[in-house]
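Visitor: Protein sequences appear in the order of chains A and B. Going by the UniProt record's numbering, the residue at position 183 of the first sequence is 183; the numbering climbs one at a time, nothing skipped. Going by the UniProt record's numbering, the residue at position 310 of the second sequence is 310; the numbering climbs one at a time, nothing skipped.
There are 2 protein chains.
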Amino acid sequence: MSKTKLNVAVVGATGAVGEQIIGLLEKRDFPIDKLKLLSSARSAGSRVTFKGQEITVEEAGPDSFEGIDIALFSAGGDVSKELAPHAVRYGAVCIDNTNAFRMDPNTPLVVPEVNESKINEHQGVIANPNCSTIQMVAALKPLYDRYGISRIIVSTYQAVSGAGARAIDEMKRQTKEVLEGNDANPDILPVGSLPVKHQIAFNAIPQIDKFQDNGYTLEEMKMIRETKKILDDESVLVTATCVRIPVVYGHSESVYVELKEDYNMDDIRSLLSDAPGITLVDDPANQLYPLATDAAGKNDVFVGRLRRDLTNERGLNLWIVSDNLLKGAAWNAVQIAEIIAANKSK
Amino acid sequence: MSKTKLNVAVVGATGAVGEQIIGLLEKRDFPIDKLKLLSSARSAGSRVTFKGQEITVEEAGPDSFEGIDIALFSAGGDVSKELAPHAVRYGAVCIDNTNAFRMDPNTPLVVPEVNESKINEHQGVIANPNCSTIQMVAALKPLYDRYGISRIIVSTYQAVSGAGARAIDEMKRQTKEVLEGNDANPDILPVGSLPVKHQIAFNAIPQIDKFQDNGYTLEEMKMIRETKKILDDESVLVTATCVRIPVVYGHSESVYVELKEDYNMDDIRSLLSDAPGITLVDDPANQLYPLATDAAGKNDVFVGRLRRDLTNERGLNLWIVSDNLLKGAAWNAVQIAEIIAANKSK
């Protein structure tokens with residue numbers, strides 16, 4: 001069976017996630033006929049090499065999607081809201097990496113290891129969940145299937161790359177300044193569009209995205225709402241505290257999970273070892289556990305520091321790490337695209 | 001009433017905590033007659049300026065404590081175990097900043113804002129709790145007194161200074177190397193005496209101190225055991241995940257706490273605003289919350305990000321930050337010393 005070759009568009013091609021998507025399409029030898037790279041007017045005209053060929057980035061507009069089979073969006077929620085309907089109008093399937101459609105009841109929210117079958121229910125748009133949610137649900141899914149989950153309490157240690165390429169530059173600049181004894185002069189984080197800025201170099205900022213009326217940040221509410229939607233189970237109780245720390249790539253998460261049944265730790269280890277896309281790194285005697293620096297550049301979700309909660313027999317503590325730009329964004333999107341491509345080839 | 005002047009010894013005078021203790025004794029105008037600075041043989045001979053006078057650091061030994069009223073130890077658990085009994089023999093009250101005596105049933109474990117009265121029960125040694133425990137119990141005590149606490153789940157974001165001055169130097173060196181594209185070549189963290197080293201620059205290491213047989217680190221077990229002892233309540237359930245992040249000064253903590261009774265958020269705010277040693281920084285609309293960089297150099301414990309748990313009416317989430325070398329170590333010890341000095345002056 002020969003693979004059907006597809007026309008693919010990447011919207012936000014010059015951004016931190018867009019670059020990763022293009023890299024993965026090349027590395028995975030995705031069945032591409034034509035690759036169209038789109039961006040804002042500001043970045044249009046720049047050139048990207050794909051499989052030895054230079055492609056000029058074009059400005060994205062309502063009519064950019066003629067003949068496109070799959071459009072991967074990662075240029076911010078407003079761009080997706082504006083342009084995805086046009087891509088759908090031209091017959092493309094949109095895989096949207098922004099928050100624009102995630103909680104839309106007509107849009108599947110997909111982590112392939114968790115709910116791949118939802119892909120088939122799309123009405124033009126498939127949403128890629130939030131980075132911090134993806135790695136958590138991917139790791140917890142095998143436990144959910146076997147024991148059920150009543151409750152999750154998560155605290156995150158999120159990398160700066162989640163805020164984009166400019167935030168990485170800012171962290172590096174601040175770090176150099178502070179090491180030289182100068183002021184950090186924060187300019188972007190925690191939220192570019194908000195007035196107050198905080199130093200990220202040698203700091204921990206307990207704000208990712210805007211505050212909601214209930215005192216939680218949008219990032220925290222994303223983790224709460226998206227986890228329920230992806231697991232298709234509103235009964236799972238989720239509490240989240242999301243924190244930005246001075247790491248470039250790789251979100252880490254301290255997760256307390258309460259299972260619905262008594263569990264066996266050896267069984268948990270087997271479940272995680274056998275799960276697709278999960279790598280168990282859990283050997284305290286040899287000081288082995290997942291680390292952001294080890295996860296960077298890899299597609300898998302890394303799980304370790306497994307230990308039974310000392311206060312609750314059904315409680316389990318774990319440490320979940322993954323590259324936020326890969327499984328947390330680009331890789332999850334390309335996985336979905338590969339499944340769509342495979343279905344088209346059937 | 002004139003203050004009785006005391007002879008004070010600082011053991012570990014050249015260490016990260018020792019330096020802070022000496023600074024606080026000067027800044028607080030502690031009623032000192034004679035200040036004796038003690039260290040290992042390696043650091044003996046170095047000179048420290050105290051109130052305009054140079055003091056030569058002497059090598060600590062069993063007979064260093066003649067005439068000493070208060071001895072402040074922060075030179076590691078082995079030194080405290082060896083020398084504190086000698087200091088007691090000479091009639092000194094030891095305030096020990098190490099893990100050596102914390103869980104000894106005959107040694108009070110004191111955070112003045114929580115259990116000041118325990119100071120009077122000492123039999124020669126008063127233990128200063130672990131840094132990450134101190135700031136948490138100080139912040140939770142007002143809530144404990146008013147509502148009772150059934151459960152605490154904490155994830156920490158701990159500063160490198162908690163591992164000593166050499167660890168700070170190592171982090172700065174690594175950070176420069178990584179920014180220049182070189183290897184970090186880790187040499188000290190996570191635990192100097194263990195064989196495996198991990199990069200701390202731009203990373204998060206979920207190991208502080210050695211692993212215990214139950215899969216928890218000693219730091220995590222300290223938080224669990226010490227919290228119960230300080231609150232004098234074995235019924236409080238505590239779960240901890242302790243993580244080192246690239247911050248120089250200031251531990252941050254994401255804390256979920258379950259109160260025993262229904263609570264009123266305005267009342268919680270009042271309790272924390274009125275509590276001694278606590279500063280409430282909680283104004284999401286203006287993006288104000290505690291930050292390690294703001295807490296550095298200050299004695300208080302900073303609390304913010306207060307929000308009712310969405311899954312449990314009696315659950316409360318908060319973010320607790322304090323300078324680990326000050327309230328987490330030196331300041332808590334000097335507070336205890338000031339109370340002892342005041343009692344002697346009565």
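Cβ coordinates follow ideal geometry from the N, Cα and C atoms, glycine included.
#1: Let me know if M1(A) comes out buried or exposed under the rule of 16 or more other beta-carbons within 10 Å of its beta-carbon.
#2: Straight-line CA distance for G328(B) to I134(B)?
#3: Beta-carbon separation of T14(B) and V79(B) under 8 Å?
#4: Hey, how far is the Cα of G181(B) from the Cα of K36(A)?
#5: What does a CB cutoff of less than 8 Å around Q174(A) pick up in its chain, not counting 5 residues either side in sequence?
#6: For the putative contact between A301(B) and I278(B), defined by C-beta atoms under 8 Å, what is the C-beta separation to the nearest angstrom?
#7: Looking at N317(B) and D309(B), is the spacing between their C-beta atoms short of 8 Å?
#8: Please state whether DSSP places H251(A) in a helix, a strand or coil.
#9: If you compare alpha carbons, which of D209(A), E113(A) and S235(A) is closest to C242(A)?
#10: Assuming residue 361(B) contacts D96(B) under a Cβ cut-off of 8 Å, what Cβ separation, rounded to an integer in Å, is found between them?
#11: In three-state terms, what does DSSP make of N128(A)?
#12: When you compare only the Cα positions, how much space is there between D69(B) and V8(B)?
#13: Kindly indicate if chain B contains any beta-carbon less than 8 Å away from that of Q207(A).
#14: Quick check: the region 115-131 of chain A against the region 234-249 of chain A, are there 3 or more CB pairs under 8 Å?
#15: If we ignore side chains and look at the alpha-carbon of each, how far apart do A292(B) and E253(B) end up?
#16: Where does Q158(B) land, buried or exposed, given buried means 16+ other C-beta within 10 angstroms?
#17: Name the residues in the region 251-282 of chain B whose C-beta lies less than 8 Å from a C-beta of chain A; which are they?
#18: Which bits of chain B does Q174(A) rub up against, with CB to CB less than 8 Å?
#19: For the region 144-174 of chain A, list every residue whose C-beta sits within 7 Å of some C-beta in chain B, in sequence order.
#20: In the DSSP assignment, the beta strand (DSSP E) including S155(A) goes from what residue to what residue?
#21: Considering Cα atoms alone, identify which of L140(A), A84(A) and K229(A) is closest to L280(A).
#22: Could you check which residue in I153(A), V321(A) and I339(A) has the C-alpha nearest to that of M221(A)?
#23: From the beta carbon of F211(B), is the nearest beta carbon of chain A less than 8 Å away?
#24: Please classify S132(B): is it buried, with 16 or more other beta-carbons within 10 angstroms of its beta-carbon, or exposed?
#25: With H, G and I counted as helix, E and B as strand and the rest as coil, what does DSSP make of A337(A)?
#26: What are the start and end residues of each continuous alpha helix (DSSP H) run of 4 or more residues lying completely inside the region 74-140 of chain A, in chain order?
#27: I'd like to know if W331(A) contacts chain D, where contact means its C-beta is closer than 8 Å to some C-beta of that chain.
#28: Name the chain B residues that come within less than 9 Å of N324(A), Cβ to Cβ?
#29: May I ask you to report which of helix, strand or coil DSSP gives M1(A)?
#30: Kindly list the residues whose CB is nearer than 8 Å to the CB of P31(B), restricted to its own chain and excluding five residues on each side of it in sequence; keep chain order.
#31: Name, please, each residue of chain B whose Cβ falls closer than 7 Å to the Cβ of P246(A).
#32: Going by DSSP, name the residue or residues bridged to T49(B).
#33: Looking only at its chain, what residues have a beta carbon closer than 7 Å to the beta carbon of Q335(B), apart from the 5 residues adjacent to it on each side?
#34: Listing by chain order, which chain A residues have their CB less than 9 Å from the CB of Q287(B)?
#35: Does the separation of the CB atoms of V262(B) and R314(B) fall below 8 Å?
#36: Measure the beta-carbon distance from Q11(B) to A60(B) and round it to whole angstroms, keeping in mind my assumption that it falls under 8 Å.
Guide: Inspection of the coordinates gives the following:
#1: Here residue 1(A) corresponds to residue number 1 of the first sequence, with the count starting at 1. Legend: pLDDT at M1(A) = 46, less than 50; position of this residue unreliable, value from coordinates given subsequently. So M1(A) counts as exposed.
#2: To locate residue 328(B), count along the second sequence from 1; it is residue 328. To locate residue 134(B), count along the second sequence from 1; it is residue 134. Using only the alpha carbons, I get a separation of about 6 Å.
#3: Mapped onto the second sequence, residue 14(B) falls at position 14. Mapped onto the second sequence, residue 79(B) falls at position 79. Not in contact: T14(B) and V79(B) (Cβ atoms no closer than 8 Å).
#4: Here the question's residue 181(B) lines up with position 181 in the second sequence. Here the question's residue 36(A) lines up with position 36 in the first sequence. About 33 Å.
#5: Here residue 174(A) refers to the residue found at position 174 of the first sequence. Contacts found: A184, N185, P186, Q199, I200 and A201.
#6: As a first step, residue 301(B) must be located in the second sequence, where it is residue number 301. As a first step, residue 278(B) must be located in the second sequence, where it is residue number 278. A small correction: the amino acid at residue 301(B) is Val; Ala does not occupy that position in the sequence shown. About 5 Å separates the two Cβ atoms, so the contact holds.
#7: Translated into positions along the second sequence, residue 309(B) becomes position 309. Translated into positions along the second sequence, residue 317(B) becomes position 317. Yes, these two residues count as a Cβ contact at 8 Å.
#8: The residue labelled residue 251(A) in the question sits at position 251 within the first sequence. Reduced to three states, the DSSP call for H251(A) is strand.
#9: To locate residue 242(A), count along the first sequence from 1; it is residue 242. Looking at the Cα atoms, D209(A) is the closest of the given residues.
#10: No answer is possible for residue 361(B): the residues shown for chain B start at 1 and end at 346.
#11: Position 128 of the first sequence, counted from the start, is the residue given in the question as residue 128(A). N128(A) falls in the coil class under three-state DSSP.
#12: Sequence index remark: in the second sequence, residue 69(B) carries index 69 (1-based). Sequence index remark: in the second sequence, residue 8(B) carries index 8 (1-based). Roughly 6 Å between the two C-alpha positions.
#13: Here residue 207(A) refers to the residue found at position 207 when the first sequence is read from its first residue. For Q207(A), the answer is yes, since a Cβ of chain B falls inside 8 Å of its Cβ.
#14: no
#15: Locating residue 292(B) in the second sequence gives position 292, counting from the first residue. Locating residue 253(B) in the second sequence gives position 253, counting from the first residue. Each residue's Cα considered, the two are about 10 Å apart.
#16: The residue you call residue 158(B) lines up with position 158 of the second sequence. Buried, by the Cβ-count rule.
#17: S252, S254 and Y256
#18: The residue given as residue 174(A) occupies position 174 in the first sequence. Here the premise fails: no neighbours, minimum Cβ distance about 11 Å.
#19: R151, I153, S155, Y157 and K172
#20: Locating residue 155(A) in the first sequence gives position 155, where the first residue counts as 1. Segment I149 to Y157, the beta strand (DSSP E) holding S155(A).
#21: Numbered from its first residue, the first sequence carries residue 280(A) at position 280. Of the candidates L140(A), A84(A) and K229(A), the one whose C-alpha sits nearest the C-alpha of L280(A) is L140(A).
#22: As a position in the first sequence, residue 221(A) is number 221, starting the count at 1. That would be I153(A), whose Cα lies nearest to the Cα of M221(A).
#23: The sequence position of residue 211(B) within the second sequence is 211, counting from 1. Yes, F211(B) counts as interfacial toward chain A.
#24: Taking the first residue of the second sequence as 1, we reach residue 132(B) at position 132. The residue is buried, with at least 16 neighbouring Cβ atoms inside 10 Å.
#25: The residue labelled residue 337(A) in the question sits at position 337 within the first sequence. In this structure, A337(A) counts as helix in the three-state DSSP scheme.
#26: 77-89 and 112-115
#27: Among the chains of the structure shown, chain D does not appear; the protein chains present are A and B.
#28: Position 324 of the first sequence holds residue 324(A). The contacting residues do not exist; N324(A) stays about 13 Å from chain B at best.
#29: For this step, residue 1(A) is matched to residue 1 along the first sequence. Its pLDDT being 46, under 50, M1(A) is placed unreliably by the model, and nothing is read from it.
#30: The residue you call residue 31(B) lines up with position 31 of the second sequence. Correct list, in chain order: K3, T4, K5, L6, A341 and S345.
#31: On the first sequence, position 246 is the one that residue 246(A) refers to. Simply F202 and P246.
#32: The residue given as residue 49(B) occupies position 49 in the second sequence. Answer is E54(B), bridged to T49(B).
#33: As a first step, residue 335(B) is located in the second sequence; it is residue number 335 there, counting from the start. Closer than 7 Å at the Cβ level, and outside the excluded window around Q335(B), lie P112.
#34: On the second sequence, position 287 is the one that residue 287(B) refers to. The contacting residues are P190, V191, L194, P195, V196, K197, H198, Q207 and F211.
#35: Indexing the second sequence from 1 puts residue 262(B) at position 262. Indexing the second sequence from 1 puts residue 314(B) at position 314. The sequence given here places Asp at residue 262(B); Val does not occur at that position. Yes, they are a contact pair.
#36: Within the second sequence, numbered from 1, the residue matching residue 11(B) stands at position 11. Within the second sequence, numbered from 1, the residue matching residue 60(B) stands at position 60. It should be pointed out that residue 11(B) corresponds to Val in this sequence rather than to Gln. Right, their Cβ atoms sit about 5 Å apart.
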